[in-house]
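Protein chains in written order, with my numbering: chain B, 1 to 111; chain G, 1 to 115.
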């Protein structure tokens with residue numbers, strides 16, 4: 001029973017273009033949504049988050065969009081840089097401290 | 001400012017042995033979480049602890065696994081009588097009191113291999 005899905009296991013984008021990573025969730029009780037970035041052999045690094053009372057949050061090159069009616073979350077990275085190549089996980093929580101993670105999307109930014 | 005520290009980074013155990021994984025949270029953080037990542041999967045929550053208390057262990061297998069976060073010293077995840085299926089990366093995270101405790105800061109992980 002997968003409550004958080006990232007349907008694209010991989011994504012390839014050219015440097016300078018926009019990267020769009022998607023995440024779907026099933027439980028409307030989730031109220032806080034996060035994106036983490038992970039390099040091989042390292043722990044996940046927090047990137048950006050959004051609460052359910054908002055539909056957009058922006059931090060530099062990173063913007064997270066939340067569509068509550070569709071139970072859909074997306075991360076936009078623009079412009080994409082080679083250093084952005086990593087695995088991106090969305091994570092959700094529903095009032096407690098437990099994070100539920102998606103399975104990740106491997107982003108590759110090509111020169 | 002040291003982040004979350006985990007040791008060892010790599011641990012090899014034979015089936016039936018015990019594994020002890022240690023986690024030192026960010027200084028000043030009193031909330032500790034353990035997650036497990038199996039190959040080709042996302043991270044799965046195991047347990048949430050505050051100093052000397054287990055708050056949520058809903059993701060912890062009922063047998064062989066235990067966790068503690070004593071008043072002094074690191075948090076310990078203990079796996080008794082390891083089996084091959086325990087091979088995974090185990091990540092510890094911490095968060096501060098107040099603020100967004102949802103924003104958890106992760107350590108580099110311990111990669112457990114059971115032979």
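We put the beta carbon where it would ideally sit given N, CA and C, even for glycine.
Per DSSP, reduced to three states, the secondary structure at residue 55 of chain B is coil, with no helix or strand assignment. Those residues of the segment 46 to 73 of chain G placed with their C-beta closer than 8 Å to a C-beta in chain B are 48, 55, 56, 58 and 59, ordered along the chain.
The beta carbon of residue 28 of chain G sits no closer than 8 Å to any beta carbon of chain B. Around the beta carbon of residue 29 of chain B, fewer than 16 other beta carbons sit within 10 angstroms, so the residue counts as exposed.
Fewer than three pairs of CB atoms, one per stretch, sit closer than 8 Å, so the segment 8 to 26 of chain G makes no contact with the segment 97 to 106 of chain B. For residue 97 of chain G, the three-state secondary structure derived from DSSP is coil. Among the residues facing chain G, residue 44 of chain B is included, as its CB has a counterpart in that chain under 8 Å away.
Under the Cβ criterion of 8 Å, residue 93 of chain B is counted among the residues facing chain G. Close partners of residue 100 of chain B in chain G (Cβ separation under 8 Å): 45. Under the Cβ criterion of 8 Å, residue 8 of chain B is not counted among the residues facing chain G. In this structure, the straight-line span from the alpha carbon of residue 66 of chain G to that of residue 53 of chain G is close to 12 Å.
The C-beta of residue 69 of chain B has fewer than 16 other C-beta atoms within 10 Å across all chains shown, which makes the residue exposed. Less than 8 Å divides the Cβ of residue 90 of chain G from the Cβ of residue 36 of chain G.
Taking the Cα positions, residue 93 of chain G is about 16 Å away from residue 39 of chain B. In this structure, residue 68 of chain G sits near residue 75 of chain G, with a CB-CB distance shorter than 8 Å.
The distance from the Cβ of residue 74 of chain B to that of residue 19 of chain B is about 10 Å, inconsistent with a contact at the 8 Å cut-off. Considering only beta carbons, the part of the segment 30 to 41 of chain B lying closer than 8 Å to chain G consists of 32, 34, 36 and 41, in chain order.
Taking 8 Å as the threshold, the shortest C-beta distance from residue 96 of chain B to chain G falls below it.
Spatial neighbours of residue 34 of chain B in its own chain (CB-CB distance under 6 Å, excluding positions within 5 residues in sequence) are listed in chain order as 49 and 91. At least 8 Å separates the beta-carbon of residue 54 of chain B from that of residue 63 of chain B.
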